[in-house]
Ligand code: FEO
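Now the structure itself:
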């Protein structure tokens, strides 16, 4: 049986993952509005990944005898100054999520909750990838600058991303 404290912390994290999905869906919609369908598609897949993260936490919580309590999700921003501004925010957001996962891991260590430590290690590794992919796109966008051609090429490249459930 999971501790009440860990149960509450995991419920909070489920909300944070759902907020991430909401934020990325909003970014996807923004990209459609500026005719960057490849960026929009990449971001929609990112949102789907966040849903799988929320699901992974939920399944774990249920398996440990906990109860999933869904909270209201904050409204995300809807406008950005440029594609670079969007990805700067993605990178900053993922760094925040990494800090949340690290705090959960700290709690699992403090409580001697080995099962939660094992589950959270997957997220620690996943966050390395999440940060690297956002940072990689930020760097490319900086290289491309204001170039319409460059953005067009990147849009084509990002449109190639396909959804794979990272948890399987
Ligand atoms: Fe669920 Fe992007 O971390």
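In the numbering used here, the protein residues as written are 2 to 169.
From the three backbone atoms N, C-alpha and C, an ideal C-beta is built for every residue, glycine too.
Nearest in C-alpha terms to residue 160, of all of 32, 114, 40, 73, is 40. The shortest C-alpha to C-alpha distance from residue 52 to any of 78, 38, 24 is the one to 24. Distances taken from the Cβ of residue 8 to the heavy atoms of the ligand FEO include none shorter than 7 Å. Listed by position in the chain, the residues whose beta carbon lies within less than 6 Å of some heavy atom of the ligand FEO are 18, 21, 51, 54, 95, 98, 131.
Around the CB of residue 78, fewer than 16 other CB atoms lie within 10 Å, so the residue is classed as exposed. For residue 87 against residue 28, the beta-carbon gap comes to about 5 Å, under 8 Å, which counts as contact.
Three or more beta-carbon pairs separated by less than 8 Å are not found between the stretch 36 to 50 and the stretch 97 to 106, which leaves the two stretches without contact. Within 10 angstroms of the beta-carbon of residue 149 lie fewer than 16 other beta-carbons, which makes it exposed. Taken through DSSP and simplified to helix, strand or coil, residue 19 comes out as helix. Of all C-beta pairs linking the stretch 66 to 74 to the stretch 104 to 116, fewer than three are shorter than 8 Å, placing the two stretches out of contact.
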